[in-house]
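So in the working numbering the end of the sequence shown lands on 488, straight run, no missing numbers.
All residues carry an ideal CB built from backbone N, CA and C; glycine is no exception.
Quantities reported herein were computed from a predicted structural model and do not represent experimental measurements.
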Amino acid sequence: MDGASGRSGPVFNPATGRQTGAVDFATVEEVDAAVQSATDAFSGWREMSLAKRAELFFRIREVLHARRDELAEILVHEHGKVFSDALGEVTRGLEVVEYCCGIPQLIKGEHSEQASTGIDVYSIRQPLGVVAGITPFNFPAMVPMWMWAPAIASGNCFVLKPSEKDPSASLWTAELLREAGLPDGVFNVIMGDRVAVDAVLQHPDVAAVSFVGSTPIARYVYEQATAAGKRCQALGGAKNHMIVLPDADVGAAADAAISAGYGSAGERCMAVSVVVAVGDVAQPLVEAIKERIPKVKVGDGMDPASEMGPLVTQEHRDKVASYVENAPGEGATVVVDGRDGVPGEGFFLNPSLLDDVTPQMKAYVDEIFGPVLGITRVATYEEAVRLVNESPYGNGVAIFTRDGGAARQFQFDVQAGMVGINVPIPVPVAYYSFGGWKSSLFGDRHVYGPEAIDFYTRGKVVTQRWPDPATSQIDLGFPQTR
Ligand code: NAD
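Now the structure itself:
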């Protein structure tokens with residue numbers, strides 16, 4: 007869609023490295039127009055019965071499901087992830103849409119009959135109005151679904167500002183929702199950069215903002231939105247640890263580290279970035295991971311043989327590569343150098359493995375967001391947990407062990423929002439909520455699942471009685487319930 011700002015950004019196919027399009031960035035006036043369209047649609051949408059809303063959500067689910075390959079292909083062409091992974095993203099997003107088909111049940115309040123004599127009390131949840139979502143490049147379909155599905159199902163109208171790096175999935179979704187029968191103005195997309203984000207954050211008619219992206223921007227969005235009186239949930243970056251205890255099955259732990267470290271080229275907020283090897287397991291584990299790396303097939307995401315695609319941009323690819331370049335200078339050992347033998351012209355990097363990574367190194371501290379896995383060797387379980395708990399992030403974490411007692415203790419001790427026990431990427435299913443702790447989430451509500459319904463609605467409690475006028479009397483005392 008053409009914009010009036012005269013400012014735009016390039017869109018690439020990361021597998022070829024070639025520019026395939028450009029996206030115009032919205033002006034403040036264009037953001038206003040989107041919010042106005044949502045505001046105009048709100049009263050009609052809010053009045054639609056829960057039965058009809060649920061029916062429409064079933065229809066959206068059917069259309070999305072039928073055309074999921076089309077959406078996955080769009081993701082491959084602009085993000086770079088491989089087709090099977092893109093389809094996985096669409097499927098996990100669809101599960102959130104499926105959850106929202108149950109909105110009549112999800113939004114139910116509570117009722118207390120005879121709370122006091124002749125008095126009943128009940129609670130209802132009502133939509134906020136116009137709500138906005140600002141999303142990152144790495145899940146261009148699923149993360150918007152985390153937001154728009156529960157927001158719209160709860161009776162709100164939605165304005166989406168997706169990443170400017172891979173914008174097509176959002177425009178495709180808007181068309182699809184219209185085709186499924188969603189009234190005009192209930193779902194709106196604006197393209198843009200900081201100008202559009204600031205306009206959303208300052209807009210008086212936007213009641214709530216959901217954000218997913220890097221930690222500095224999440225913090226900024228949270229501070230700006232809440233200062234402007236909005237409800238806000240802002241999910242940030244991560245540095246996810248996978249602890250491997252000495253009793254773990256080394257082969258299974260190595261398989262998990264490869265899958266979670268290099269899947270989607272490490273561009274997942276739940277990717278494993280540091281493997282913390284406890285005691286004697288370190289050497290055999292490093293060898294097992296090293297042995298598996300050459301078997302990872304790196305290539306164009308549309309090639310069914312590819313298991314890992316390119317990174318999203320040349321700039322990001324070069325930044326990720328710089329961590330491998332600088333690792334020896336920091337004292338780490340480069341076991342596998344992913345800069346060697348890179349395929350094709352695109353923004354490719356092969357998997358890298360760094361050993362002897364210590365908490366002072368940039369390779370440990372920074373969220374690299376690429377296919378670079380670090381191994382940190384520690385002597386004890388306590389040291390491993392301390393490392394996780396001292397991290398400023400608290401998104402996902404995993405432990406690999408055969409000892410149920412140790413795993414249970416870990417779940418008790420660890421400071422992170424999502425914990426995997428022999429599961430490397432513990433993304434909660436759609437009927438639980440997703441979110442980290444510490445600098446991985448600003449706000450107090452996680453996304454999707456029950457907490458999303460809570461986030462996108464506000465509570466109202468009604469106290470009612472139907473007295474006999476004959477018994478009416480004046481009482482200036484504070485109302486008592488006994
Ligand atoms: P990003 O923070 O650069 O961008 C996210 C969004 O913010 C985009 O829509 C972008 O246009 C906008 N934005 C960028 N700079 C801005 C600025 N200065 N002012 C206002 N808005 C701005 O993130 P990204 O690179 O697109 O995505 C990767 C990051 O997202 C990683 O840090 C990753 O961990 C994180 N992420 C977190 C989760 C989670 O659930 N916690 C999920 C996915 C991604």
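Residue i and residue j closer than 9 Å at C-beta
i: Val195; j: Leu182; result: no
i: Val34; j: Val201; result: yes
i: Asp372; j: Thr339; result: no
i: Asn162; j: Tyr437; result: no
i: Ser279; j: Ile431; result: no
i: Pro349; j: Pro377; result: no
i: Ala254; j: Val215; result: no
i: Lys301; j: Tyr399; result: no
i: Met314; j: Ala271; result: yes
i: Arg131; j: Gly108; result: no
i: Ala333; j: Leu291; result: no
i: Glu84; j: Pro20; result: yes
i: Ala23; j: Glu457; result: As written in the sequence, residue 23 is Gly, which differs from the Ala given in the question. No.
Limits of the alpha helix (DSSP H) - the one that residue i falls within
i: Ser122; result: Not the alpha helix (DSSP H): Ser122 falls in the beta strand (DSSP E), residues His117 to Ser122.
i: Thr45; result: Val34 to Glu53
i: Gln479; result: Looking at the DSSP string, Gln479 is not in any alpha helix (DSSP H), and its letter there is neither H nor E.
i: Ser174; result: Ser174 to Ala186
i: Gln111; result: Ile109 to Leu112
i: Thr382; result: Thr382 -> not in any alpha helix (DSSP H); beta strand (DSSP E) instead, spanning Val378 to Val384.
i: Gln366; result: First-last for Gln366: undefined, no H or E at that position.
i: Gly257; result: Val256 to Tyr268
i: Asp419; result: Gly410 to Asp419
i: Pro475; result: Note, Pro475: premise wrong, no alpha helix (DSSP H); not H, not E.
i: Ile223; result: Thr221 to Ala233
i: Ala155; result: Met148 to Ala159
Same chain, Cβ closer than 6 Å to residue i, five either side skipped, listed in chain order
i: Gly219; result: Pro142
i: Ser118; result: Val127
i: Ala157; result: Val137, Phe164 and Tyr462
i: Phe406; result: Val250, Ala254, Ala259 and Asn428
i: Arg74; result: Val96
i: Gly305; result: Ser312 and Pro349
For residue j and residue i, believed in contact at Cβ under 8 Å, the rounded distance
i: Gly198; j: Glu170; result: 7 Å
i: Val95; j: Ala147; result: For the record, residue 95 in the displayed sequence is Glu; it is not Val. Right, the Cβ-Cβ distance comes to about 6 Å (below 8 Å), so this counts as a contact.
i: Gln239; j: Arg451; result: 5 Å
i: Ala260; j: Ile223; result: At roughly 34 Å, the Cβ-Cβ gap does not stay under 8 Å, so Ala260 and Ile223 are not in contact.
i: Ala186; j: Arg65; result: 5 Å
i: Gln415; j: Ile427; result: Actually they do not touch by this definition, with Cβ atoms about 11 Å apart.
i: Val420; j: Asn395; result: 7 Å
i: Arg464; j: Leu207; result: Not really, about 20 Å apart at Cβ, beyond 8 Å.
i: Ile125; j: Ile459; result: Not a contact, Cβ separation roughly 28 Å.
i: Ser122; j: Val467; result: The Cβ separation is near 14 Å, so there is no contact.
i: Phe440; j: Val453; result: 5 Å
Where the beta strand (DSSP E) containing residue i begins and where it ends
i: Cys238; result: Arg237 to Leu241
i: Gln25; result: Arg24 to Asp30
i: His85; result: From DSSP, His85 is part of no beta strand (DSSP E) but of the alpha helix (DSSP H) over Arg74 to His85.
i: Thr339; result: Thr339 to Val342
i: Met248; result: Asn246 to Val250
i: Asn395; result: Counting along the chain, Asn395 falls outside any beta strand (DSSP E), though it belongs to the alpha helix (DSSP H) covering Tyr387 to Glu396.
i: Asp126; result: Ile125 to Pro133
i: Gln208; result: Counting along the chain, Gln208 falls outside any beta strand (DSSP E), though it belongs to the alpha helix (DSSP H) covering Arg200 to Gln208.
i: Gly465; result: Thr463 to Arg471
For residue i: DSSP bridge partner residues
i: Gly139; result: Leu166 and Ser216
i: Met314; result: Val304
i: Phe193; result: Phe164
i: Trp443; result: Gly400
i: Asn356; result: Paired residue(s): none; Asn356 is not in a bridge.
i: Pro16; result: Ala28
i: Pro361; result: Looking at the sequence itself, residue 361 is Asp, so the reference to Pro does not match. Its beta-bridge partners are Thr339.
i: Lys424; result: The identity of residue 424 in the sequence shown is Met, whereas the question assumes Lys. Answer by DSSP bridge pairing, in chain order: Gly402.
i: Val284; result: Val384
i: Lys58; result: None; Lys58 has no bridge partner.
i: Val429; result: In DSSP, Val429 forms no bridge with anything.
i: Val453; result: Phe440
Proximal residues to residue i (C-beta, below 7 Å), its chain only, five neighbours per side dropped
i: Gly285; result: Pro252 and Ala385
i: Leu77; result: Val96, Ala147, Ala175 and Trp178
i: Ser445; result: Thr221, Gly242, Pro398 and Tyr399
i: Tyr228; result: Cys238, Ala240, Phe448 and Gly449
i: Asp343; result: Val330 and Ser358
Proximal residues to residue i (C-beta, below 8 Å), its chain only, five neighbours per side dropped
i: Arg323; result: Pro316, Leu317, Phe353, Phe354, Leu355 and Gly376
i: Ser14; result: Ala28, Val29, Asp30 and Phe31
i: Arg298; result: Ala260, Asp261 and Ile264
i: Lys236; result: Leu207, Val212, Ala213, Ala214 and Val215
i: Ala57; result: Pro110
i: Val326; result: Gly272, Leu317, Leu355, Ile374, Phe375, Gly376, Pro377 and Val378
i: Asp409; result: Leu251 and Asp253
Cβ-heavy atom distance, residue i to the ligand HEM, below 8 Å
i: Val218; result: This structure does not include the ligand HEM; its bound ligands are the ligand NAD.
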